[in-house]
Structures are given as structure tokens and as C-alpha cells.
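Novice: Mind looking over this structure? Questions follow.
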Amino acid sequence: MSAPIKIVMLGEGRVGKTCLTLKYCKDQFNENQQSSIDATFFEKSVDLGGGKNITLAIWDTAGQEIFHALTTVYYRDAYGAVLVYDVTYKESFMKVEKWVEELRSFGTKDISIVVAGNKSDMKNQMQIDKNEVEEYCKKIGAKHFFTSAKSGIGINEMFKSLGESISIKVQAQESKGKKKKGLQIKDVKDPKKQNQKNDGCC
Amino acid sequence: MQQHSESDDQSPVHVIQFQDKNNEIESEALWDQEEGQQEYHIQINTDRILDIFQSIETQIDPFTCVFKTNQQMIVMYKQKLPLLRRLGYLLCKSEAKYCIILVKLENQNSLLIKSLKGDSEINDGIMKKIGNAIYQFSDKNQHLSHIDEIMQVQIYIRHEDSRFNPFHLDSLSVAMIYKHLQDKIVIPEKINMKQLYNLVEKEHDKIKEEPLLIKSIQVSQFHIFTIERYIFNKIFDQMMNQYIEKYQERQEQVDQKKMQLRQKYSKADLIHSLEIKDQYLPQSEIPYHEAINELKLINLYKTPTEMLKQFQYVLVLIRGVAFQCNQKEEIIAMDDELPILIWVALMSDVPNLYAKIFFVDDYIQEIENEKRILTNLRVSLDYISKEWKL
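Structure, rendered in C-alpha cells:
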């Protein structure tokens, strides 16, 4: 089995980082339902198509402002980051810029980034300008996805895109002979089976 | 007492785990889970258990005592391995092996005799000899020819009432591994954690070649623990002193800040400042005191793997309490967990905690996921010393 590749979930408190991960890995959205799941860490295999897949080790982080300065510790050895903001709360998008700056300064070189505009099912309360957001993401070289942990919209696509971005960089490193610990793309013998697996739990 | 067993389809070896009410004890044993293996309980004078064992030893030929304490004795027989007698404490693994265990049952004045492996008829014959030896010892005027007569005086003891560790074969493995290491291992005077990790791996590979040791997957981790214990018992003080020296300044900063915070603010203020949600606050004078106390116990351990397990146990306790008092039944995420961990770190006075965290972190070479608790603890200490405003 290939070693998992670490990615971190970043974003202000209560924007839905954990719910996104949970929906993706366990197909659950917690809206006052009983649960005793440890949602601070998950592993999930991502089907990249063409008989390849990688396993993502998804680290949750604390998003509160008071812990912001400490989050850089979690970037160590991370090859990808999901920056989550709440589309109904514009200030949370402003924080994305700060996360990007810090990732570029303290994160792994060439770290892959995707941006998730979460709670996109609450269209009536949307506070962000779609064009402005997508222009910004283009500028920083990150793909943007509107997601909803409640409906599941955009989540699989987002993680798959991140997985693909990481795998391209991994393969480039491998071809240069710079293969690093944890960076392996696994050949899948039966892609059909893997496709089925990818839709289920991690 | 609970009994739990796991079987491995690939191997005739089964792992048996016993949990005592007071001490959790994990043991492994060679044990055929075949029907026909017998178990007897015989009344004895437990004050004279060692004399009884000695008497048994003289009457069980061709079986040999391979392990004996004042609690239990294991007798084994293996035809094609004469070395076994000489290496009396060794445990052998063979299809042709017979194994019987004798255990003194505390407070019951009785001895449990149980056959674990081998032909049940042969084992039963030896168990009868054992019964006769016990009876002879107890009453020299009588000699019984059949164990059924002994069974008349037996008392039946249910497992759940017993408090003992019946299959203490792990002691045999420890003795064997220690003997192996004493003879062969060379620990360089100057060695770093990575080299130590490689050394343990290397010795583990060598031990796998030892013909008399159980090699099932289940006990492999146990062997690594044992090798680590042997090595770190020798070098722990020296290594830890280096770490203490390296992280002394950071430790002093955090210790000082902890003292200031605790003097200046009430517990309620500190909790409020950390933004711990109400639903994660149990009704107790010091919330999460279980985890706080458990973190202090890190000082009891000398190997990185055991220390990591202790750190992980602290996290388990935090989550256990959090889930228990979580009335809104929300999922615990890092937004919730980190503030609680900071609280636990603040209230635990563990000397040189930074040094211990890095000591473990540098040694464990596995995937980082296993070490997340170390990252979180380090972040907690950093928050206290650097970010928390007085």
C-alpha cells in the first residue's frame, strides 16, 4: 500500500472544515445527529483515473484566531492544503489570503492548494462576489470550488483535483529522482473496484 | 476477568489476552484451541506452592519445567529438542510440542492445571502424574491411581472470579530476548535516535531467526517493545539528559508562564480564555483531571514507544470525557480538541515535557499520523509560552 500523503484543512473557526472532511470520508454531515467520531484526522484513497490512486492523510486544524500563529507547525511535510471559507461570511474569505501567504512562507515548497467556498447551499445568504473569488484563486494558482457539506456539492471534485495536483508534482519529483518519503502513486489493478471504493468510506 | 482470544488463520499460534480487574495484563501463549484440552482444579496449601512445584518437577518425566514462579509453572515436552532441558527457561515453537500450565489461584487455595498444546491424551497422562504428585505431597499415606479421584476434592473456579495472569509466557520471551541481546548487542557510545531505531530494527530481524521464539505477527510488536526496553534501560538517562539540556530554555519559559497564568487567573477565567465550549466542560472541580493525571505518568516510561502510547492515552481520555459530557452531541474537531489539550498541558506539571516530546518524536520513524499527539502537545506548550497573553 502506498504511504499516505499529508494534507491540511485550513480556515477560520466554524467555516465547516471538519464537516467537509467528514462528508468526504464518511459521507456524513453532522447537523445535531449523534456522533462520537474523531474528526481530527482521516485517511482516504483518491481515484485519479487511469488505474492510479493516492491516499490522502487529512489533518484537521484549529481555526480560532487565537491559535492562528501556531498553525504553521501543521504545515510540516504537507503536500496539499484545503483553504475553507464560509460563503455566507465574507470576512472568512479575507482570511484565505493570510493562509496563502503563510503556506508560501512556511509550507512545503510547491504545496498544492485548493480553495473551498463552503455552505454554498445557502445561496440567499451569500456574501461573496463569485468573479472576485475566482480571479483571486487564479492569481494564486489554486482551483476554487463551491462546496456544501450538507448537500455534498463539490466535495469529491475538490479532493480529486487536489489529489491530481499533488500526483503531478510527485511524478515530476520522481522523474528527477527526488522521490520523498510518503510520495508514491499506487497502481491499481482493478480500476472499477477502486472507483466503487472511492464513493464509500475511507 | 475477561478472556479474549484472536486466531491467525496462517498460524497455529493463538494470542490470549487476559485483563485483570486491577492490572491490565496482556500475555501471549501457544495454545491449541482444540477440543479435548483438559483443565483441572485441585485443592492445595498455597503457602507451600514452591514445595509443591518442586515435588511435581520430580515426577513428570519426560516433561520438563521451563518456567516457574511462586505463582505458576509451565511444563513442556518436545522430543527432538534435547537442548530444551539445558535452556530451561526457553520457550520453543514446534508442532510436536506439549505444554501444560499450572497456576496458583489466589484466595482459593487451589491450583489450576491446564493443557495448552499437544496430544490431549499424553497431556492428560502428565496431568494425572501432576495430580498424584500434589496428592502425595499433601497426604503421603495415600496414592491415587486416577485423577478422577482427585477431582472429587476439586473446587470449581470460574474465570471471571480469578485474579491472575495464567499464561505468562511473555516472561519467557522477555528472558529469551534479553539473553540474546546480552550476548550479542553492541550499543555505540555515541548514537542518535535514528541510529537507535535502526539498531532495534536490526536486532528484531536477528531475533526472528531465533528458532525457539514465537514468530507470529501478533507478538512481533511485543518483541520490539522488549528490545527497546533492554536498550533504553541502558541509555535512557544519558539520552534524556541531552534532550533536557537542549530544550531547557523553552521548558523554563513555559514553566514560568504556566505559573504566572495559574496565579493570576481563576480556573474559570483560564477555560474561558481558551474558548473551550461549555458542552465540553464536565462537572468537576478540575475539568479533565483524568487526562491531567495521566500526562504526569509519562515519567514512568523509558522507551519512546511506551511514552508515545502514554501520550496517546492522554488523548483518549480527553476524547472520552469530551464525548461523555457533550450534550449537544457534536463531533469533536481540532477547534474543540486543541483548547482542551492546552488546558491539560497547563494544569499538568510534568518536568521536562518538551524534552520528552522531542525524545519520542525523534525516535519514532513511522508515518507522522501516529505522532499527531506530539505535534498537538508541542503546539499546546508553544501556545502557553508564546501566544497566551497575560
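Line by line, the protein sequences are chains A and B. Okay, so the first sequence: first residue is 1 according to the UniProt record's numbering, each after it adds one. Okay, so the second sequence: first residue is 1 according to the UniProt record's numbering, each after it adds one. Note that beta-carbon positions come from the ideal geometry of N, C-alpha and C, so glycine has one too. What you are looking at is a predicted structure, and each value in this text was computed from that prediction instead of being measured.
With DSSP as the reference, please indicate the residues paired to A/ALA57 in a beta bridge.
Specialist: Taking the first sequence and counting its residues from 1, one reaches residue 57 of chain A at position 57. In the DSSP assignment, A/ALA57 is bridged to A/LYS6 and A/GLU43.
Novice: How far does the alpha helix (DSSP H) with B/ASN109 in it reach, from first residue to last?
Specialist: The count along the second sequence starts at 1 and reaches residue 109 of chain B at position 109. Careful: B/ASN109 lies outside any alpha helix (DSSP H) and carries neither H nor E.
Novice: Could you pull out every residue in the same chain whose Cβ sits closer than 8 Å to the Cβ of A/ALA78, ignoring the five residues on either side in sequence?
Specialist: By one-based count along the first sequence, residue 78 of chain A stands at place 78. For A/ALA78, the CB contacts under 8 Å within the same chain, skipping 5 residues up- and downstream, are LYS6, ILE7, VAL8, TRP59, GLY107, THR108 and ILE111 in chain order.
Novice: Can you tell me where the beta strand (DSSP E) holding A/GLY117 begins and where it ends?
Specialist: In the first sequence, the residue the question calls residue 117 of chain A occupies position 117. Its beta strand (DSSP E) spans residues 112-118.
Novice: Following the continuous alpha helix (DSSP H) through B/ASP336, name the residue where it begins and the one where it ends.
Specialist: Here residue 336 of chain B refers to the residue found at position 336 when the second sequence is read from its first residue. First-last of the alpha helix (DSSP H) with B/ASP336: 334-347.
Novice: Whether or not the region 373-384 of chain B and the region 342-360 of chain B are in contact is what I'm after, with contact meaning three or more pairs of Cβ atoms, one per stretch, closer than 8 Å; do they touch?
Specialist: yes
Novice: Does B/VAL379 come within less than 7 Å of chain A when only Cβ atoms are used?
Specialist: The residue given as residue 379 of chain B occupies position 379 in the second sequence. At a cut-off of 7 Å between beta-carbon atoms, B/VAL379 makes contact with chain A.
Novice: Give the residues of chain A in contact with B/ALA333, contact being defined as C-beta atoms less than 7 Å apart.
Specialist: Here residue 333 of chain B corresponds to residue number 333 of the second sequence, with the count starting at 1. Simply THR18, ALA39, THR40 and ASP60.
Novice: In whole angstroms, give me the CA-to-CA distance for B/THR58 and B/THR226.
Specialist: Counting from one through the second sequence, the residue named residue 58 of chain B turns up at place 58. Counting from one through the second sequence, the residue named residue 226 of chain B turns up at place 226. Straight-line Cα distance between these residues: approximately 33 Å.
Novice: If I measure Cβ to Cβ from A/LEU48 and keep anything under 7 Å in the same chain, skipping five residues before and after, which residues do I get?
Specialist: Numbered from 1 along the first sequence, position 48 holds the residue referred to as residue 48 of chain A. Correct list, in chain order: ILE54, GLY163, GLU164 and SER167.
Novice: Taking just the CA atoms, how far does B/CYS99 sit from B/ILE224?
Specialist: Residue 224 of chain B sits at position 224 when you count from the first residue of the second sequence. Residue 99 of chain B sits at position 99 when you count from the first residue of the second sequence. Taking the straight line from one Cα to the other gives about 25 Å.
Novice: Do you know offhand how far B/ALA61's Cα is from B/ASP205's?
Specialist: Here residue 61 of chain B is taken as the residue at index 61 of the second sequence, counted from 1. Here residue 205 of chain B is taken as the residue at index 205 of the second sequence, counted from 1. The question names Ala, but residue 61 of chain B is Asp in the sequence shown. About 35 Å.
Novice: At what residues does the beta strand (DSSP E) containing A/LEU83 begin and finish?
Specialist: Position 83 of the first sequence, counting from 1, holds the residue named residue 83 of chain A. Unbroken beta strand (DSSP E) run through A/LEU83: 80-86.
Novice: Measure the CB-CB distance between A/THR40 and B/MET334 and report whether it falls below 7 Å.
Specialist: Counted from its first residue, the first sequence places residue 40 of chain A at position 40. Counted from its first residue, the second sequence places residue 334 of chain B at position 334. A/THR40 is a Cβ neighbour of B/MET334, given a cutoff of 7 Å.
Novice: Could you compute how far the alpha carbon of residue 392 of chain B sits from the alpha carbon of A/SER45?
Specialist: This structure gives no information on residue 392 of chain B, because the portion of chain B shown stretches from 1 to 390.
Novice: Sorted by chain position, which residues of the same chain lie with C-beta nearer than 6 Å to A/CYS137's C-beta, five sequence neighbours on each side aside?
Specialist: Working through the first sequence from its first residue, we reach residue 137 of chain A at position 137. VAL115 and HIS144.
Novice: Please tell me whether A/VAL96 has its Cβ less than 7 Å away from any Cβ of chain B.
Specialist: Within the first sequence, the letter at position 96 stands for residue 96 of chain A. Chain B contact via Cβ: absent.
Novice: Compare the beta carbon distance of A/GLN64 and A/THR88 with 7 Å and say whether it is the shorter of the two.
Specialist: Translated into the one-based positions of the first sequence, residue 64 of chain A becomes position 64. Translated into the one-based positions of the first sequence, residue 88 of chain A becomes position 88. Cβ atoms of A/GLN64 and A/THR88: not closer than 7 Å.
Novice: Counting only beta-carbon separations shorter than 7 Å, does A/GLY13 have a partner in chain B?
Specialist: Within the first sequence, numbered from 1, the residue matching residue 13 of chain A stands at position 13. So yes, A/GLY13 belongs to the interface.
Novice: Go ahead and label B/ARG229 buried or exposed: buried means 16 or more other beta carbons lie within 10 angstroms of its beta carbon, across all protein chains shown.
Specialist: The count along the second sequence starts at 1 and reaches residue 229 of chain B at position 229. B/ARG229 comes out buried.
Novice: Would you report the Cα separation of B/TRP388 and B/ALA345, rounded to the nearest angstrom?
Specialist: By one-based count along the second sequence, residue 388 of chain B stands at place 388. By one-based count along the second sequence, residue 345 of chain B stands at place 345. C-alpha separation (whole angstroms): 13 Å.
Novice: Along chain A, in chain order, which residues have C-beta atoms closer than 8 Å to that of B/GLU337?
Specialist: What you label residue 337 of chain B is simply residue 337 of the second sequence in a count that begins at 1. When 8 Å is used as the limit between beta carbons, B/GLU337 is near these residues of chain A: THR40 and ALA62, in chain order.
Novice: Beta carbons nearer than 8 Å to chain A: which residues of the region 292-313 of chain B have them?
Specialist: none
Novice: Run down chain E in chain order and give the residues with a C-beta less than 7 Å from the C-beta of A/ALA69.
Specialist: Here chain E cannot be found, since the structure's protein chains are A and B.
Novice: Does the beta-carbon of B/GLN251 have 16 or more other beta-carbons within 10 angstroms, so that it is buried, or is it exposed?
Specialist: As a position in the second sequence, residue 251 of chain B is number 251, starting the count at 1. It is buried - the Cβ of B/GLN251 has at least 16 other Cβ atoms within 10 Å.
Novice: For B/TYR40, does the three-state DSSP call read helix, strand or coil?
Specialist: The residue given as residue 40 of chain B occupies position 40 in the second sequence. In the structure shown, B/TYR40 adopts extended strand secondary structure according to DSSP, grouped into three states.
Novice: For the region 71-104 of chain A, which residues have a CB atom closer than 9 Å to at least one CB atom of chain B, in sequence order?
Specialist: THR71, VAL73, TYR74, ARG76 and ASP77
Novice: From the DSSP output, read off the bridge partner residues of A/GLY154.
Specialist: Taking the first residue of the first sequence as position 1, residue 154 of chain A is located at position 154. Per DSSP, none; premise fails for A/GLY154.
Novice: Does A/HIS68 pass the burial test, meaning 16 or more other C-beta atoms within 10 Å, or should it be called exposed?
Specialist: Sequence index remark: in the first sequence, residue 68 of chain A carries index 68 (1-based). Buried, by the Cβ-count rule.
Novice: Kindly indicate the opening and closing residues of the alpha helix (DSSP H) around B/TYR77.
Specialist: Looking up residue 77 of chain B in the second sequence gives position 77. Note, B/TYR77: premise wrong, no alpha helix (DSSP H); beta strand (DSSP E) at 72-77.
Novice: Inspect the CB distances between the region 124-139 of chain B and the region 38-50 of chain B and report whether three or more fall short of 8 Å.
Specialist: yes
Novice: With a threshold of 7 Å between beta carbons, is B/ASP382 in contact with chain A?
Specialist: In the second sequence, the residue the question calls residue 382 of chain B occupies position 382. Yes, its Cβ sits closer than 7 Å to a Cβ of chain A.
Novice: Would B/ALA29 be called buried (16 or more neighbouring beta carbons within 10 Å of its own) or exposed?
Specialist: Position 29 of the second sequence holds residue 29 of chain B. Because the pLDDT of B/ALA29 is 39, which lies under 50, any placement of that residue in the model is unreliable, and the number read from its coordinates should be weighed accordingly. Flag for B/ALA29 reads buried.
Novice: In or out: A/MET94 buried (at least 16 other Cβ within 10 Å) or exposed?
Specialist: Numbered from 1 along the first sequence, position 94 holds the residue referred to as residue 94 of chain A. A/MET94 comes out exposed.
Novice: Which same chain residues, not among the five before or five after A/ALA57, have their C-beta less than 6 Å away from its C-beta?
Specialist: On the first sequence, position 57 is the one that residue 57 of chain A refers to. Contacts found: PRO4, LYS6 and GLU43.
Novice: In the DSSP assignment, find the alpha helix (DSSP H) that holds B/PHE63 and state where it starts and stops.
Specialist: If you number the second sequence from 1, residue 63 of chain B lands on position 63. Per DSSP, B/PHE63 belongs to no alpha helix (DSSP H) and is neither H nor E.
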